[in-house]
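Undergrad:
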Amino acid sequence: MIPNHILIIGSPNSGKLRTTNIITKNKQIDINNDSHSGIIVKTDITTKYYSLKLNILIDEFPECRNFNLTEDQKLIELNKWIDEFQLDEFAELREVLDGLFFTVDMKDSINYITRILSNVERLRNILSDKLEWGGFIAIVGTSKTEEADEDIVGEIEDVVISYGFEFINLNLEGKNEYKETVGKDRIIELIESHEWSNMDLIETSEEKYTQNKQEKLNTMTDPLIKEKSMELDEIFSKLAIARDNINNIPSDKRDDFANKIINEIIDYI
1 MIPNHILIIG
11 SPNSGKLRTT
21 NIITKNKQID
31 INNDSHSGII
41 VKTDITTKYY
51 SLKLNILIDE
61 FPECRNFNLT
71 EDQKLIELNK
81 WIDEFQLDEF
91 AELREVLDGL
101 FFTVDMKDSI
111 NYITRILSNV
121 ERLRNILSDK
131 LEWGGFIAIV
141 GTSKTEEADE
151 DIVGEIEDVV
161 ISYGFEFINL
171 NLEGKNEYKE
181 TVGKDRIIEL
191 IESHEWSNMD
201 LIETSEEKYT
211 QNKQEKLNTM
221 TDPLIKEKSM
231 ELDEIFSKLA
241 IARDNINNIP
251 SDKRDDFANK
261 IINEIIDYI
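Numbering of the sequence shown is given in the working numbering, commencing with residue 1 and proceeding in unit increments.
Here it is as structure tokens:
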């Protein structure tokens, strides 16, 4: 089966591997402590409707995570990454991508995250250029050491939505007060509900349903058919006997005899 591809990108310690673990259900990942760029995690996704193979491509900026960069320096590195991503040599990669998770640390400043989003918008434009891209983009917010302040998270979500992206707070799970799936569970829901480029539909219930339905109908109708067959045999037998006997009955009594047989058959039915 041809695999599908998604990209998870973000700065160091912004939740790329944590997002990957949610999708793969904590599959073992071989990592290089110097850089998480270039990691490819292969996994399978199976729902009751389809199964598929998925390659998760992980990249980060800067490529070397041992540098302690300022926000401005990280933005410069992100711009370099995007400049490279839009080169012709990466055209094939862009064409096969089904989705993109961009991870951000919710402890970063709102100003920095806003500038990050303008670059993600640039990524969206690159992916949508010259083709009708049907992929998804979601911004995943994380905080590694402690939970981010609710007001700050609210500000981040507002600015993400203003750019037309979905915001997923990885510190949450389950459903919110509006019965919407959030956090870790939303990552899974997004993956499972996406219209993937390559997937094998599981033999649905359409065939199984038809088969089961026929079996149930047979179970219900077989006794009726057998019973009806027995009824017809009895009726034909009565008619045969009546035909043989009618010749032995006087002419003036034959109408009464015929009516009696007809009434018996009607009562039998």
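Glycine included, every Cβ here is placed at the ideal spot set by N, Cα and C.
1. Does the distance from the C-beta atom of I8 to that of L54 stay below 9 Å?
2. Taking C-beta to C-beta, are G99 and F67 nearer than 9 Å?
3. Run the CB neighbour count on A148, radius 10 Å, all protein chains shown included, and call it buried at 16 or more, exposed below.
4. Express the C-alpha separation of E132 and V41 in angstroms, rounding to a whole number.
5. Taking 9 Å as the cut-off, decide whether the C-beta atoms of I191 and I45 are in contact.
6. Considering only DSSP beta bridges, list what A138 is partnered with.
7. In this structure, does DSSP put E60 in helix, strand or coil?
8. Answer with buried or exposed for F236, where buried requires no fewer than 16 other C-beta atoms within 10 angstroms of its C-beta.
9. Which full runs of the beta strand (DSSP E) of 3+ residues lie inside the segment 16-49, going along the chain?
10. Which word fits S128, buried or exposed, when buried means at least 16 other C-beta atoms lie within 10 angstroms of its C-beta?
11. State whether the segment 16-33 contacts the segment 110-121, with contact taken as three or more CB pairs (one from each stretch) at a distance under 8 Å.
12. Measure the Cβ-Cβ separation of L97 and N198 and say whether it is below 9 Å.
13. Find the nearest neighbour of I102 within the set T20, E173, Y50, C64, judged by alpha-carbon distance.
14. If contacts are defined as beta-carbon pairs under 8 Å, then L17 and I29 qualify, I think. What distance do you get, rounded to the angstrom?
15. So the candidates are K144, E180, N13, L117; which of them puts its Cα closest to the Cα of L75?
16. Could you check what DSSP says for K175 in three-state terms: helix, strand or coil?
17. For the alpha helix (DSSP H) that L7 lies in, which residues bound it at each end?
18. Taking 9 Å as the cut-off, decide whether the C-beta atoms of G183 and D105 are in contact.
19. According to DSSP, S51 sits in a beta bridge with which residue or residues?
TA: Judging by the given coordinates:
1. What you label residue 8 is simply residue 8 of the sequence shown in a count that begins at 1. What you label residue 54 is simply residue 54 of the sequence shown in a count that begins at 1. No.
2. Translated into the one-based positions of the sequence shown, residue 99 becomes position 99. Translated into the one-based positions of the sequence shown, residue 67 becomes position 67. Not closer than 9 Å, so no.
3. Position 148 of the sequence shown, counting from 1, holds the residue named residue 148. By the neighbour-count rule (16 or more Cβ atoms within 10 Å), A148 is buried.
4. The residue you call residue 41 lines up with position 41 of the sequence shown. The residue you call residue 132 lines up with position 132 of the sequence shown. About 26 Å.
5. If you number the sequence shown from 1, residue 191 lands on position 191. If you number the sequence shown from 1, residue 45 lands on position 45. Against a cut-off of 9 Å, the Cβ pair of I45 and I191 comes out as a contact.
6. The sequence position of residue 138 within the sequence shown is 138, counting from 1. Bridge partners of A138: F101, E166.
7. Counted from its first residue, the sequence shown places residue 60 at position 60. Three-state result, E60: strand.
8. Numbered from 1 along the sequence shown, position 236 holds the residue referred to as residue 236. Taking all protein chains shown into account, F236 has fewer than 16 neighbouring C-beta atoms within 10 Å of its C-beta and is therefore exposed.
9. Whole beta strand (DSSP E) segments, 3+ residues: 39-46.
10. Walking along the sequence shown from the start, residue 128 turns up at place 128. When all chains shown are included, S128 counts as exposed.
11. no
12. Position 97 of the sequence shown, counted from the first residue, corresponds to residue 97. Position 198 of the sequence shown, counted from the first residue, corresponds to residue 198. Against a cut-off of 9 Å, the Cβ pair of N198 and L97 comes out as no contact.
13. Numbered from its first residue, the sequence shown carries residue 102 at position 102. The sequence shown places Phe at residue 102, rather than the Ile named in the question. Of the candidates T20, E173, Y50, C64, the one whose C-alpha sits nearest the C-alpha of F102 is T20.
14. By 1-based counting over the sequence shown, the position of residue 17 is 17. By 1-based counting over the sequence shown, the position of residue 29 is 29. With a Cβ gap of about 6 Å, L17 and I29 count as contacting.
15. Your numbering for residue 75 matches position 75 in the sequence shown. That would be L117, whose Cα lies nearest to the Cα of L75.
16. Position 175 of the sequence shown holds residue 175. In this structure, K175 counts as strand in the three-state DSSP scheme.
17. Against the sequence shown, residue 7 aligns to sequence position 7. No alpha helix (DSSP H) holds L7; the beta strand (DSSP E) holding it covers 4-10.
18. Numbered from its first residue, the sequence shown carries residue 183 at position 183. Numbered from its first residue, the sequence shown carries residue 105 at position 105. Going by C-beta atoms, G183 is not nearer than 9 Å to D105.
19. The count along the sequence shown starts at 1 and reaches residue 51 at position 51. DSSP, once it has assigned bridges, lists T46, D200 as partnering S51.
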